[in-house]
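Colleague: Take the sequence shown: its letter number 35 is residue 47 in our numbering, and every next letter is one higher.
One structure, as structure tokens, below. Some questions next.
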Amino acid sequence: MRAVAPTVPRFLAKLAAQIWPADPAAQDGFIGALQHPQPLTPAIVWCRPRPEPPLFPVLDPAPWQPAWVDRLPAGSQPGRHPAHAQGDYYCLDLSSVFAAAVLSAIAIPNPVVLDVCAAPGGKAVLAWRWLHPQVLLVNETIGKRVGMLVSNVRRCHVPAIVLSQDSAVLAENLAQTADVVLVDAPCSGQSLLAKGEKNPGCFHPLTVNHNRKRQRRILAQAAQLVKPGGYLAYMTCTYSPEENEANGRWFQQQFPRWQAVKVPLLAAWQSHLADFPCYRLWPQTGWGAGAFTCLWQAQDRGAGAAIPWDWLNGAASRNRTHSRQN
């Protein structure tokens, strides 16, 4: 590993060298984006028709950005506009749009969609806009985060059933009921640094390893929720290969019925750290704090299972998080 300035934390320098072992310029760009973060360009997902004239100045879209997402100039504050409180749009980092762009490769009409780790709700809103699901189930295991999830899907007029169950409970009760399952996995959150936030210990091996193990457990249980021929989308907002490409390799080895899917919209962002289709957005691009995303399809065939509505409605009622379906 090459020598680095003493002001660069050891674990950050080690990670940069791990990702770009032969590219010092890429290492420097990555480290600089985290140590000296620049204001990010926020994005908004329109949940209602975009008004004319536009409410905000709009930048040219990223190549993978859908028409119902706007990229705004750095310093914009769309969260303070009355239209935000009315639920006209959802504010998020453009990296989240990148991660969800794997959904563009899914051609199932009006699928049943289950978001396993849904709070605060951005991926659920994106899945609703991208896939037009007939049923949208959004789940958040951590109880103190459920309130924000309920608030956001209701504010944005997203018809969803909100649950708060461990992924093991979902696997036991909703096996093979979803056409599309999203796992926006809990992670070490290293991208928080690119947003100018603090996250002590996010590069420490113990932190990374803890999250890697938790992600694998969730992935294994989420795979049980998917109908034959259905899709599993895995994404994180962290940089460590152990939580991203390594988990992808592990998943394909442990579950050979799954095949990684090429996403034409993201072809230019194929991760150089993997030999299977998966995609990276790095913070030094200026298009967001960064993300990893991958889409798998189950290769078996069959009809899957019917949604157990009695259990589902009971689970939603117990948690007082049932948003009425339209």
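Ideal Cβ positions, reconstructed from N, Cα and C, are used throughout, including at glycine.
All of these numbers come straight from a predicted model, not from anything done at the bench.
Mind checking whether Ala301 and Ala197 have CB atoms under 8 Å apart?
Modeller: Cβ distance not < 8 Å, so Ala301 and Ala197 don't count as in contact.
Colleague: In angstroms, rounded to a whole number, what distance separates the CA positions of Gln271 and His93?
Modeller: 43 Å
Colleague: Considering Arg226, what are the terminal residues of the alpha helix (DSSP H) in which it resides?
Modeller: Pro217 to Ala235
Colleague: Which of the three DSSP states is assigned to Asn151 in this structure?
Modeller: strand
Colleague: Do you know whose CA, among Thr153, Ala258, Ala34 and Ala136, lies nearest Pro145's CA?
Modeller: Ala136
Colleague: Give me, in chain order, the residues of the same chain whose beta-carbon lies closer than 8 Å to that of Ala23; leave out the 5 immediate sequence neighbours on both sides.
Modeller: Sequence inspection shows Phe at residue 23; the Ala mentioned does not correspond to that position. So the qualifying residues of the chain are Phe215, His216 and Pro217.
Colleague: Does the distance from the C-beta atom of Phe42 to that of Trp299 stay below 8 Å?
Modeller: no
Colleague: Taking Pro51 and Phe68 to be in contact with their CB atoms under 8 Å, please state how far apart those CB atoms are, rounded to whole angstroms.
Modeller: No, Pro51 and Phe68 are not in contact; Cβ-Cβ is about 15 Å, not under 8 Å.
Colleague: Is there contact between the stretch 248–260 and the stretch 27–38, where contact requires at least three CB pairs shorter than 8 Å?
Modeller: yes
Colleague: Measuring only the C-alpha atoms, how far is Leu231 from Pro65?
Modeller: 44 Å
Colleague: For the candidate residues Tyr243, Arg313, Pro63 and Val147, whose alpha-carbon lies nearest to that of Tyr101?
Modeller: Pro63
Colleague: Should Cys249 be flagged as near chain B, meaning a C-beta pair shorter than 8 Å?
Modeller: Of the chains in the structure shown, none is chain B; there is only one protein chain.
Colleague: On the three-state DSSP scale, how would you describe Phe23?
Modeller: helix
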